[in-house]
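S.K.: This is the structure I want to talk about, given as structure tokens.
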Amino acid sequence: MKTRKILALSTVATVITAAAIYTAGELGGNTGPAFNLIKTAQAAGSVVKGPNVVAPDRYVYYPGTEKLDRREVRVIACGTGMPDARRDSASACFLFEFGNGEKMIFDLGTGSMRNINALMIPSEYLTKVFLSHLHTDHWGDLASLWAGGWTAGRPVPLQVWGPSGKTKDMGTKYAVEHFLKAYNWDYVTRAYKITPKPGQINVTEFDYKAVNKVIYNENGIKVLSIPAIHAGDGPVSFIIEYAGMKLIFGGDTSPNKWFVEHGKNADFVIHEAFGTPEYFVRDYNQPPQLAWRACCEFHTSPQAFGKIMSTIKPRHAVSYHSFAEAIDGVRAGIRETYDGPLSVAVDNMVWNITKDKIVERMVVSSDRARGVRGPTRQPPPVRGQPSPMSDFIKKGEWGPAFNAQNKMLDAHSKKYNLKKMDWRKQKPWYKPSK
Ligand SMILES: [Zn+2]
Ligand SMILES: [Zn+2]
């Protein structure tokens, strides 16, 4: 991080010390992201020493403005909510950016690509996806990364890592194969018109029963998998090792022995903490007999989350998987059993993690921000492929409107030297402009 930021960070660190068991974010956050942001900005804002000066730290992260140190990791919460994703809260998704340049997406829940796109990262760097399990709130936006990134210029296939299942049809490989079948029309038409390669998805499926086994080992980053207990066989939690640090993304799981054993002394731990049973009765109209199982049998309650964290003692704990209005209850529940460093995550929270320091801020970007251009241009369309369009449909093209754009297209053809590949010449309606 740049000097200006480091200066600012020491302010945040002071706040953490002063507030003892609280992180800077916790000083504020009670009723949602906006409130959280305002209060934490106050907490870290320091003193503005004149009417026309650069303000000290605003407790924000502006995407693309900070280079990571080699041994640093930036984690961004791109989805922290529930399956019924909403505008301020996508479903589960955490982007890990490493100081060596690697980027990995851990879960890709419904709605989360909106937050990822707002980080303005070229799509060619967003190719590695790790799925903890196959509930849609953890991979529902694969379609958006897949086709959206393809359109936005990703030149290469996606890579997906995910667990096997109790049977073949419950595994990640099956899921992705059938995902591509379901989206066959999209694939065929885009492959023909754009270029086929970015539409491929390479799947690495690993044994969901593997305990602390390496499933990825490249470029100084190791990812290991442990089983999770959630709804059925298959779900896993990921342990990420980098620069002498251990970071964990839990996915969905109820309290389990593997997490407690292998999560010990981790630097940074993301684990679900569900809303209280009362919240699900009140806001979801769940029958009370379902609510206390949903929260506390196939997920992890705040109190159970706290017990896990006070046992494994991470440098920093992050809870997620609840909407903003449930956060009060989640925080209070966690504090019954855990008094260590904590973030109750909301979308767009960001953490910079090094051996010395963990700093929590909020991402600030424009609603119109998008993945920007990268250095690599996509290969051109592959020629000689059969068209997915019949003559019957082609003959429906209405010439006058097509010809009305000729002047503009002639200029494009001239600029990029496209005369030899002028598609208009094959059209029965084509009337060259004079
Ligand atoms: Zn789930
Ligand atoms: Zn979930």
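Everything in the sequence shown is counted per my numbering, starting at -18 for the first residue and increasing by one. From the three backbone atoms N, C-alpha and C, an ideal C-beta is built for every residue, glycine too.
Under a Cβ-count criterion, where at least 16 other Cβ atoms within 10 Å of its own Cβ denotes burial, should Gly10 be classed as buried or exposed?
M.R.: Per-residue confidence for Gly10 stands at a pLDDT of 36, beneath the threshold of 50, marking its modelled position as unreliable; no derived number is given.
S.K.: Between Ala212 and Gln270, what straight-line distance do the alpha-carbon atoms span, to the nearest angstrom?
M.R.: Cα-Cα distance, rounded: 16 Å.
S.K.: Leaving out five residues before and five after Ile221 in sequence, what residues of the same chain have Cβ atoms less than 6 Å from its Cβ?
M.R.: Cβ neighbours of Ile221 beyond the five flanking positions: Val204 and Leu228.
S.K.: Give me the DSSP bridge partner(s) of Phe261.
M.R.: Answer by DSSP bridge pairing: none, since Phe261 is not bridged.
S.K.: What's the call for Lys48, buried or exposed, on a 16-neighbour Cβ count within 10 Å?
M.R.: Classification for Lys48: exposed.
S.K.: Could you please go through the chain and list the residues whose beta-carbon is closer than 5 Å to any non-hydrogen atom of ligand 3?
M.R.: Only ligand 1 and ligand 2 can be found as ligands here, which leaves ligand 3 out of the picture.
S.K.: Tell me the DSSP secondary structure of Asn398 in three-state form.
M.R.: Correct three-state label for Asn398: coil.
S.K.: Do you know how far the Cα of Ser93 is from the Cα of His252?
M.R.: Between His252 and Ser93, the C-alpha separation is close to 18 Å.
S.K.: Does the Cβ of Pro361 have 16 or more other Cβ atoms within 10 Å, making it buried, or fewer, making it exposed?
M.R.: Pro361 should be labelled exposed.
S.K.: To the nearest angstrom, report how far apart Ile(-13) and Ile334 are at their CA atoms.
M.R.: Legend: pLDDT at Ile(-13) = 38, less than 50; position of this residue unreliable, no value from coordinates given.
S.K.: Kindly examine ligand 2 and report whether one of its heavy atoms sits closer than 8 Å to the Cβ of Ser235.
M.R.: Outside the cutoff, so no.
S.K.: Measure the alpha-carbon distance for Arg55 versus Lys412 and round it to whole angstroms.
M.R.: One C-alpha to the other measures close to 56 Å.
S.K.: Helix, strand or coil for Lys294, going by three-state DSSP, please let me know.
M.R.: Here Lys294 sits in coil by DSSP.
S.K.: Determine which residues share a DSSP beta bridge with Arg342 and list them.
M.R.: The partner list for Arg342 (beta bridge, DSSP) reads Val331.
S.K.: Using three-state DSSP, classify Ala124 as helix, strand or coil.
M.R.: Looking at Ala124 - three-state DSSP - the assignment turns out to be helix.
S.K.: DSSP state of Asp403, grouped into three classes?
M.R.: Asp403 falls in the coil class under three-state DSSP.
S.K.: Helix, strand or coil: how does DSSP classify Thr132 here?
M.R.: If DSSP states are grouped into helix, strand and coil, Thr132 belongs with the helices.
S.K.: Just to confirm my understanding: we take Lys30, look at its own chain, exclude 5 residues before and 5 after, and list those with CB closer than 7 Å. What are they?
M.R.: Hits under 7 Å: none found.
S.K.: My understanding is that Lys154 touches Val184, with C-beta atoms under 8 Å, so please give their C-beta distance in whole angstroms.
M.R.: At roughly 5 Å, the Cβ-Cβ gap stays under 8 Å, so Lys154 and Val184 are in contact.
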